[in-house]
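Peer 1: Sharing a structure below in structure tokens format, with a few things to ask.
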Amino acid sequence: MTTTPGQRAAADLAAVREQWGDLLAAIAEPPRRADWMPYERRGFLDQLAADDREGDEQALAEAAVGRLPLILREHPAPANLRALDAALDVEREVFDMCDAVAERVQLPTRDAHGRWTLGSDPSDPRLWHVPTYRDAGPTTLASTGSRLFGLHWAAVWLEGRALDDDPADRALFAPTPATLVDQIAEVARTARRRVEGALGREARTITLDDPCPFCRAGRIVVHNGGGNPRDAVATCSTGPACPAPVDVERGRRAWRGADLVALWVAISASRRTLD
Ligand SMILES: [Zn+2]
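Residues in the sequence shown are numbered consecutively from 59, following the working numbering.
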């Protein structure tokens with residue numbers, strides 16, 4: 059299937075906003091160790107471990123979603139600086155891209171007071187408003203414009219300009235030039251990589267320190283599946299001789315899906331035995 063740069067940009071921006079709440083929540087949590095499990099399963103693992111902090115984490119996650127943009131608020135005692143840096147960078151780059159796109163394609167008109175403004179109706183919620191500054195320069199922000207509504211709204215707006223497929227938009231926007239779509243796609247791709255990297259969701263292959271709990275000899279290699287947990291797989295280096303109760307793939311015992319949880323439980327149990 060071929061995709062246009064606009065479609066790729068929209069998909070990456072959607073991935074950024076869908077994971078934004080997780081990233082904000084991650085800022086308040088210490089970075090996780092041994093997070094080799096595909097991330098969708100971690101909630102289940104947390105329950106297995108009866109982690110008594112889970113209630114607190116849940117509350118923090120809910121409180122963090124939908125708050126003001128990061129640039130407009132304090133960050134008391136962030137526990138995960140990598141997540142905070144990623145969020146600040148992504149927010150700034152997406153906001154700046156929105157400003158640049160609005161300045162290029164949003165149609166200028168006069169407002170009710172005869173002043174040149176962007177868009178035929180400045181209160182139209184489909185328009186992006188760039189920040190405004192007092193005469194003294196950038197240090198004297200007079201209005202944050204559409205940044206006030208946060209990353210999620212900015213990403214939705216930018217998706218619309220990247221796709222540029224709604225005929226009704228012609229009343230407000232000039233067609234987005236292909237070179238500008240390419241720039242949006244690049245910002246979106248980078249933003250997605252930063253968000254997924256900070257959340258440990260980039261595709262990774264890890265060799266665990268623990269030996270295989272079934273044959274006690276093989277090394278366990280985990281591919282986390284990137285953003286797609288259905289692709290996550292762990293294999294034992296021993297080969298078919300390993301007695302693990304899972305199928306053999308390409309000559310190795312392979313754990314997928316719910317079997318990954320069983321593997322995690324078995325590894326945890328053997329760690330406790332060693333202790
Ligand atoms: Zn094994």
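Quick reminder that beta carbons are idealized off the backbone N, C-alpha and C, glycines included.
Please read these numbers as outputs of a predicted model, since none were measured by experiment.
In the DSSP output, what is HIS281 paired with across the bridge?
Peer 2: HIS281 is bridged to THR263, VAL291.
Peer 1: Using the three-state DSSP reduction, which class does GLN65 fall into: helix, strand or coil?
Peer 2: helix
Peer 1: Quick check: the Cα distance between ASP240 and ARG205, rounded to an integer number of angstroms?
Peer 2: Using only the alpha carbons, I get a separation of about 22 Å.
Peer 1: Can the beta-carbon of ALA243 be found less than 9 Å from the beta-carbon of PRO89?
Peer 2: no
Peer 1: Using the Cβ count rule (16 or more neighbours within 10 Å means buried), how would you classify LEU321?
Peer 2: buried
Peer 1: Kindly examine ligand 1 and report whether one of its heavy atoms sits closer than 8 Å to the Cβ of THR265.
Peer 2: In this structure, the C-beta of THR265 stays at least 8 Å away from each heavy atom of ligand 1.
Peer 1: With DSSP run on the structure shown, which of helix, strand or coil describes GLU76?
Peer 2: helix
Peer 1: Tell me which same chain residues have a C-beta within less than 7 Å of the C-beta of ASP353, skipping the five on either side of it?
Peer 2: In the structure as shown, the chain starts at 59 and stops at 333, and residue 353 therefore has no counterpart that could be examined.
Peer 1: Compare the C-alpha of PRO238 against each of LEU216, GLY258, ARG259 and name the closest.
Peer 2: Checking the sequence, you will find Leu at residue 238 rather than Pro. It is LEU216.
Peer 1: Should ARG314 be counted as a contact of ligand 1 given a C-beta to heavy atom distance under 8 Å?
Peer 2: no
Peer 1: Kindly examine ligand 1 and report whether one of its heavy atoms sits closer than 8 Å to the Cβ of GLY276.
Peer 2: In this structure, ligand 1 has a non-hydrogen atom nearer than 8 Å to the beta-carbon of GLY276.
Peer 1: Using 8 Å as the cut-off, classify the Cβ of PHE272 as near or not near the heavy atoms of ligand 1, replying yes or no.
Peer 2: Checking every heavy atom of ligand 1 against the Cβ of PHE272, one is found closer than 8 Å.
Peer 1: For TRP313, which three-state DSSP category applies?
Peer 2: In the displayed model, TRP313 falls within a strand according to three-state DSSP.
Peer 1: With burial defined as no fewer than 16 other Cβ atoms inside 10 Å of the residue's Cβ, what is the status of ARG228: buried or exposed?
Peer 2: exposed
Peer 1: To the nearest angstrom, report how far apart ASP154 and ALA302 are at their CA atoms.
Peer 2: 52 Å
Peer 1: Does ligand 1 have a heavy atom nearer than 8 Å to the CB of ARG311?
Peer 2: yes
Peer 1: Under a three-way DSSP split, which group does VAL188 fall into?
Peer 2: coil
Peer 1: Following a CB-centred definition, is THR296 positioned closer than 8 Å to any heavy atom of ligand 1?
Peer 2: yes
Peer 1: By the three-class DSSP mapping on this structure, what secondary structure does THR202 have?
Peer 2: coil
Peer 1: If you draw a straight line from the alpha carbon of THR61 to that of ALA144, how long is it in whole angstroms?
Peer 2: 27 Å
Peer 1: Quick check: the Cα distance between ARG184 and ARG259, rounded to an integer number of angstroms?
Peer 2: 32 Å
Peer 1: Name the residue from GLY297, ARG252, THR248, ILE278 whose alpha carbon lies nearest to the alpha carbon of VAL291.
Peer 2: ILE278
Peer 1: So, helix, strand or coil for GLU307, using DSSP?
Peer 2: Under the three-state reduction of DSSP, GLU307 is assigned to strand.
Peer 1: Quick check on DSSP: helix, strand or coil for ASP223?
Peer 2: coil
Peer 1: With respect to 8 Å, is the separation between the Cβ of ALA302 and the closest non-hydrogen atom of ligand 1 below this value?
Peer 2: yes
Peer 1: Report, in whole angstroms, the separation of the C-beta atoms of ALA213 and LEU71, which I expect to be a contact under 8 Å.
Peer 2: About 4 Å; that satisfies the 8 Å criterion.
Peer 1: Given CYS273, which residues of its chain have a CB within under 8 Å of its CB, disregarding the five upstream and five downstream residues?
Peer 2: CYS294, THR296, ALA299, CYS300, PRO301, ALA302
Peer 1: Taking DSSP as the reference, what is the three-state secondary structure of ASP268?
Peer 2: strand
Peer 1: For the alpha helix (DSSP H) containing CYS300, list its first residue and its last residue.
Peer 2: Segment: none, CYS300 is in no alpha helix (DSSP H) and carries neither H nor E.
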